[in-house]
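J.: Have a look at this one before I ask anything.
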Amino acid sequence: MTPPAATSVAQESFSSSFQRGPFLVAMGRSWHPEEFNCAYCKTSLADMCFVEEQNSVYCERCYEQFFAPTCARCHTKIMGEVMHALRQTWHTSCFVCAACKMPFGNSLFHMEDGEPYCEKDYIALFSTKCHGCDYPVEAGDKFIEALGHTWHDTCFICAVCHVNLEGQPFYSKKDKPLCKKHAHAINI
2 MTPPAATSVA QESFSSSFQR GPFLVAMGRS WHPEEFNCAY CKTSLADMCF
52 VEEQNSVYCE RCYEQFFAPT CARCHTKIMG EVMHALRQTW HTSCFVCAAC
102 KMPFGNSLFH MEDGEPYCEK DYIALFSTKC HGCDYPVEAG DKFIEALGHT
152 WHDTCFICAV CHVNLEGQPF YSKKDKPLCK KHAHAINI
């Protein structure tokens, strides 16, 4: 079946006489109950939930069949709040972090290998961490690779006197950088 054409379901009358009786207000207009019907299947919507789409009203069943988007994760129709991300539509509960499975809501996310990750898990799983401070080395940060690790340039310091060793000769004991002065003078 093809979706219904977007047509108005209002029946207008230009007679000078007024019709009395019950009426409904929906979409900013007044309706006689017998005229407030699904634009496709013509089911009365007077006592039912309805969905407005393309200036017409539809019962939930017809809306789901013809208009509701499909969730990219669970492949079922989305009735209610829709999340648009990665050029796809999702139930808000289905668009989740690949690691912790928590929904993103309106939070930022990072992509890695085609999967979305929350900030916390992305940093924990994919970022390079400074061996000195254990914080991520981010794009644009100055860093040094020494002793088999990555260090922020400001974190590559002598383990004893804390003098910066960037561009300086250094020594190491037990995976800790040391300046020349403390290389042989101290037990670590």
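Here the sequence shown is numbered in the working numbering, starting from 2 and rising by one per residue.
Positions of the beta carbon are idealized from the N, C-alpha and C atoms, including for glycine.
The alpha helix (DSSP H) spanning R30 covers which residue range?
T.: Counting along the chain, R30 falls outside any alpha helix (DSSP H), though it belongs to the beta strand (DSSP E) covering 30 to 32.
J.: Tell me whether A184 counts as near the ligand PLP, meaning its Cβ is closer than 7 Å to at least one heavy atom of that ligand.
T.: Absent from the structure shown: the ligand PLP. Ligands present: none.
J.: Name the one or two DSSP bridge partners that S57 has.
T.: Per DSSP, E54.
J.: Do you know how far the Cα of L87 is from the Cα of F110?
T.: Using only the alpha carbons, I get a separation of about 11 Å.
J.: Mapping DSSP to helix, strand and coil, what is H153?
T.: In the structure shown, H153 sits in a strand (DSSP, three-state: E or B).
J.: Can you tell me which of the three DSSP states Y136 falls into?
T.: In this structure, Y136 counts as coil in the three-state DSSP scheme.
J.: Helix, strand or coil for I41? Go by DSSP, reduced to three states.
T.: Before going on, a small fix: residue 41 reads as Tyr here, not Ile. Looking at Y41 - three-state DSSP - the assignment turns out to be coil, as it is neither helix nor strand.
J.: On the DSSP letters alone, give me the boundaries of the alpha helix (DSSP H) that F127 sits inside.
T.: Unbroken alpha helix (DSSP H) run through F127: 120 to 127.
J.: Which residues in the same chain have their Cβ closer than 7 Å to the Cβ of A47, if we skip the five residues on either side of it in sequence?
T.: Contacts found: L25, P34, F37.
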